[in-house]
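2 protein chains.
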Amino acid sequence: MHNDQREVVVKSLSRKTLSKQVEEQVIQLLVSGQLKPGDKLPTEMELLEKLEVSRPVLREALSSLESLGVIKRKTREGTFFSEKISSEPFSVMLALSIGRIKEIIEARMSLELGLVTLAAEKITDQQLELLRENIDKMKTADDSYPSYDREFHQIIALTVNNNVVAGMIDSLLIAFDKMSAEIQIRHPKTTIEHHEAIFSALQKRDPHAAFAAMYQHLDFVRQKILFEGDRLN
Amino acid sequence: MHNDQREVVVKSLSRKTLSKQVEEQVIQLLVSGQLKPGDKLPTEMELLEKLEVSRPVLREALSSLESLGVIKRKTREGTFFSEKISSEPFSVMLALSIGRIKEIIEARMSLELGLVTLAAEKITDQQLELLRENIDKMKTADDSYPSYDREFHQIIALTVNNNVVAGMIDSLLIAFDKMSAEIQIRHPKTTIEHHEAIFSALQKRDPHAAFAAMYQHLDFVRQKILFEGDRLN
DNA sequence: TATTGTTTATTTGTAATACAATTAAATCAT
DNA sequence: ATGATTTAATTGTATTACAAATAAACAATA
Numbered sequence: 001m002h003n004d005q006r007e008v009v010v011k012s013l014s015r016k017t018l019s020k021q022v023e024e025q026v027i028q029l030l031v032s033g034q035l036k037p038g039d040k041l042p043t044e045m046e047l048l049e050k051l052e053v054s055r056p057v058l059r060e061a062l063s064s065l066e067s068l069g070v071i072k073r074k075t076r077e078g079t080f081f082s083e084k085i086s087s088e089p090f091s092v093m094l095a096l097s098i099g100r101i102k103e104i105i106e107a108r109m110s111l112e113l114g115l116v117t118l119a120a121e122k123i124t125d126q127q128l129e130l131l132r133e134n135i136d137k138m139k140t141a142d143d144s145y146p147s148y149d150r151e152f153h154q155i156i157a158l159t160v161n162n163n164v165v166a167g168m169i170d171s172l173l174i175a176f177d178k179m180s181a182e183i184q185i186r187h188p189k190t191t192i193e194h195h196e197a198i199f200s201a202l203q204k205r206d207p208h209a210a211f212a213a214m215y216q217h218l219d220f221v222r223q224k225i226l227f228e229g230d231r232l233n
Numbered sequence: 001m002h003n004d005q006r007e008v009v010v011k012s013l014s015r016k017t018l019s020k021q022v023e024e025q026v027i028q029l030l031v032s033g034q035l036k037p038g039d040k041l042p043t044e045m046e047l048l049e050k051l052e053v054s055r056p057v058l059r060e061a062l063s064s065l066e067s068l069g070v071i072k073r074k075t076r077e078g079t080f081f082s083e084k085i086s087s088e089p090f091s092v093m094l095a096l097s098i099g100r101i102k103e104i105i106e107a108r109m110s111l112e113l114g115l116v117t118l119a120a121e122k123i124t125d126q127q128l129e130l131l132r133e134n135i136d137k138m139k140t141a142d143d144s145y146p147s148y149d150r151e152f153h154q155i156i157a158l159t160v161n162n163n164v165v166a167g168m169i170d171s172l173l174i175a176f177d178k179m180s181a182e183i184q185i186r187h188p189k190t191t192i193e194h195h196e197a198i199f200s201a202l203q204k205r206d207p208h209a210a211f212a213a214m215y216q217h218l219d220f221v222r223q224k225i226l227f228e229g230d231r232l233n
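These protein sequence lines are chains A and B, in that order. Its first residue numbered 1, the first sequence is counted upward by one per residue in full-length UniProt numbering. Its first residue numbered 1, the second sequence is counted upward by one per residue in full-length UniProt numbering.
So, in structure tokens, the structure goes:
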């Protein structure tokens, strides 16, 4: 950003780095409605002229926005706003929560209690069938049951069909699996019973019952996890 | 990254850009446990040597991680892993959901139904007092009641004291306010009644009742919002 | 001694430039 | 018309140099 008549103003506001300011200006293209998700952004060269910053600065900003899943860059094609929120940024952020299993299970509860409620409102017969199959497979597949466990919860999350929370719950379930794998808690019998109860409530399209069943389930998981956590410390 | 004996391997895996690979390697410092939240990272110069990339590439990666709230850079001091997940990345990501009010209200429901349930488990008398005051102020303050409305929900979210969801619900409430401000939906009387019901359930530390009250409240909000949304289209 | 002001040196921040790699689109050959 | 080839536009990477901020070291003063 060259020194010009705005120098004083720019300097006084600029606790922020240039690349941060550029990031905000690009976001502003969305907020102001000048561009929509899916639209092509100006090329780097065009942005350089408009924003009057150096290429490294511009590219730091674009790199940041790409990590946030807001834009997607393709060599030779250009840069585009994404259509929907991505799940990658969440999983990166969750690196900060490694080892804090209580934080993770509570975040899961926060999300899944609401998700199962909304799922009960709108679940389709096909989706119910997926859950049915999942539970049945879990009953037989003795060993690799954790992956079916996760799948069960993922199906419910997908049922709600909400981009904003989809990425987050996915990352959370994966993070939870990684961390709980070390603790090695397995209660197949109880898990299956709980899943059956949740399924039954969803089948009735009963939001309150679905909530109650999920609450009982996750409360059980939380108690086991936290008990083990204490035992290991 | 210089051409050396690993060239073939590097090339074959590298659909990803170098800066993306660097980003992952830095995250790996956390995942592997070599560094913890709050720890200082090596300086840029040290990282340049270890990772064998150019400075712009390294800085693109660090800029990305800073936007994700995973690291924080201070001139002259260095670069540090953050202690906890930040809210900024969420609000940036939500720029993609501008105008999609249904997506936002459903995301709010997903989160807040669970949050109020957990809040009922652990709310303190002081926090109840905050809610009490909030409702009372809302009753008198006729005009600026939307800000009190948001504050009510924020207090509940803060009660749960979970870093992972805190940033998300905050960004969601702000995004919701911005978007619903244009629609101009106001039902002060009903809102206050609902808030009273939620408060009452929280006071009893009754998770199920808290959920039910919040569900009724947000379901009402959703219906009004979606009805107005349809009417305007 | 303690306190304040000054200098220094370290680290991140910004810029300019050059070239590489990718690949959609244009061109050419069959 | 179809397939192969070339071209050119765009993002990706590297190098170098200098600017800005500021913690730490140091000096001056009370």
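Note that beta-carbon positions come from the ideal geometry of N, C-alpha and C, so glycine has one too. Predicted, not measured: the structure shown is a model, and the values here were computed from it.
Item, Value
"Going by beta carbon distance, what residues of the same chain come within less than 7 Å of B/Ile185, once the five residues before and after it are set aside?", "Lys224, Ile225 and Glu228"
"Using the beta-carbon count (16 or more within 10 Å), is B/Thr43 buried or exposed?", "exposed"
"Given B/Glu106, which residues of its chain have a CB within under 8 Å of its CB, disregarding the five upstream and five downstream residues?", "Arg222"
"Is the beta carbon of A/Glu66 sitting closer than 7 Å to the one on A/Arg73?", "yes"
"Identify the continuous beta strand (DSSP E) that holds A/Ile85 and give its terminal residues.", "Here A/Ile85 belongs to no beta strand (DSSP E), and DSSP marks it neither H nor E."
"Taking B/Leu128 as the reference, which of B/Glu52, B/Arg205, B/Glu60 and B/Ala212 has the closest Cα?", "B/Arg205"
"By the 10 Å Cβ neighbour count, where 16 or more other Cβ atoms means buried, how is A/Val31 classified, buried or exposed?", "exposed"
"Got a sec, what are the start and stop residues for the beta strand (DSSP E) B/Lys204 sits in?", "Premise fails: B/Lys204 is in no beta strand (DSSP E) and is neither H nor E."
"Of the choices B/Ala212, B/His187 and B/Pro188, whose alpha-carbon is the least far from that of B/Phe199?", "B/Ala212"
"Starting from the Cα of B/Ala201, find the closest Cα among B/Val116, B/Leu68, B/Gln28 and B/Gly38 and give me that residue.", "B/Val116"
"Check this for me: beta carbons of B/Glu23 and B/Ser64, under 7 Å apart or not?", "yes"
"Assign A/Gly167 to one of three DSSP states: helix, strand, or coil.", "helix"
"For a quick check, are the C-beta atoms of A/Leu120 and A/Ala210 less than 7 Å apart?", "For the record, residue 120 of chain A in the displayed sequence is Ala; it is not Leu. Against a cut-off of 7 Å, the Cβ pair of A/Ala210 and A/Ala120 comes out as a contact."
"Run through DSSP, which three-state label would B/Ile174 get?", "helix"
"Between which two residues does the beta strand (DSSP E) holding B/Gly78 run?", "Gly78 to Phe81"
"If we define contact as Cβ-Cβ less than 7 Å, is B/Pro42 a contact residue for chain A?", "no"
"Using the beta-carbon count (16 or more within 10 Å), is A/Gly167 buried or exposed?", "buried"
"Taking only three categories from DSSP, how would you classify B/Ile192?", "helix"
"Please list the terminal residues of the continuous beta strand (DSSP E) segment that includes A/Ile71.", "Ile71 to Lys74"
"Return the CA-CA distance between B/Glu133 and A/Thr191, expressed in angstroms with no decimal places.", "42 Å"
"What would DSSP say about B/Lys36, mapped onto helix, strand or coil?", "coil"
"Output, in sequence order along the chain, the residues in the segment 44-60 of chain A whose CB is closer than 7 Å to any CB in chain B.", "Pro56, Arg59 and Glu60"
"So A/Leu94 is in the alpha helix (DSSP H); what residue range does that whole segment cover?", "Here A/Leu94 belongs to no alpha helix (DSSP H), and DSSP marks it neither H nor E."
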